[in-house]
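Working notes, beginning with the structure itself.
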């Protein structure tokens, strides 16, 4: 009985700790049709982290449409300690964790062996699906990061940075 409560509590914590998806990211099957920038998290060396849509990048700075302020922020490349980029929403296999683990009830006494195996496998598949469309500074340079921006060749001269806004995508 106590083990069941512990497992249920751990599963509840796991589901409640998941992050909200950036609504402007395309699904994995429509990546090539997306005209908006990818979601980026920038770990700043001296200021707070910045989360939002990658608008543009050049040889000295990154421009991000911040999720928090809904305004563009400019960050010098020299102040970027680390970045993580997500360019599409991966498949969500989270529902398989409780379903497949509970399905082991039909295994009878073998449940003792199969439940942990199902739990490990479904959690690892869910983690791989969530990370399928991500890059970081470990495997991408700033130069290559440009192709994931809303304006990969830089912001056109006729566009004011303050006029750039989030776009609501209906699904």
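Residue numbers (our numbering): 2 to 172.
Positions of the beta carbon are idealized from the N, C-alpha and C atoms, including for glycine.
Next item on the list: May I ask which residues mark the beginning and end of the beta strand (DSSP E) holding residue 57?
Entry: On the chain shown, residue 57 is found 56 positions in, with the first residue counted as 1. 51 to 58 is the span of the beta strand (DSSP E), which, as asked, contains residue 57.
Check: When the distance is taken between beta carbons, is residue 38 closer than 8 Å to residue 51?
Finding: Along the chain shown, read from residue 1 onward, the residue named residue 51 stands at position 50. Along the chain shown, read from residue 1 onward, the residue named residue 38 stands at position 37. No, these two residues do not count as a Cβ contact at 8 Å.
Next item on the list: State yes or no: is the C-beta of residue 63 within less than 8 Å of the C-beta of residue 86?
Entry: Against the chain shown, residue 63 aligns to sequence position 62. Against the chain shown, residue 86 aligns to sequence position 85. Not closer than 8 Å, so no.
Notebook entry, point to check: Less than 8 Å separating the beta-carbons of residue 93 and residue 53?
Noted result: Taking the chain shown and counting its residues from 1, one reaches residue 93 at position 92. Taking the chain shown and counting its residues from 1, one reaches residue 53 at position 52. No.
Notebook entry, point to check: DSSP beta-bridge partners for residue 136?
Noted result: Taking the chain shown and counting its residues from 1, the one referred to as residue 136 is at position 135. In the DSSP output, where bridge partners are listed per residue, residue 136 has 86.
Checklist line | Which listed residue (124, 58, 111) has its alpha carbon closest to that of residue 157 | finding: Translated into the one-based positions of the chain shown, residue 157 becomes position 156. It is 58.
Note to self: Following a CB-centred definition, is residue 8 positioned closer than 7 Å to any heavy atom of the ligand HEM?
What the structure shows: For the ligand HEM, the structure offers nothing, since it holds no ligand at all.
Notebook entry, point to check: Does DSSP put residue 70 in a helix, in a strand, or in coil?
Noted result: Along the chain shown, one-based indexing puts residue 70 at 69. Residue state, collapsed to three classes: coil.
Notebook entry, point to check: Is it true that the CB of residue 167 sits closer than 8 Å to the CB of residue 46?
Noted result: Taking the first residue of the chain shown as position 1, residue 46 is located at position 45. Taking the first residue of the chain shown as position 1, residue 167 is located at position 166. Not a contact, by the Cβ cut-off of 8 Å.
Check: If we ignore side chains and look at the alpha-carbon of each, how far apart do residue 160 and residue 84 end up?
Finding: Sequence index remark: in the chain shown, residue 160 carries index 159 (1-based). Sequence index remark: in the chain shown, residue 84 carries index 83 (1-based). When rounded, the distance between both Cα atoms is 26 Å.
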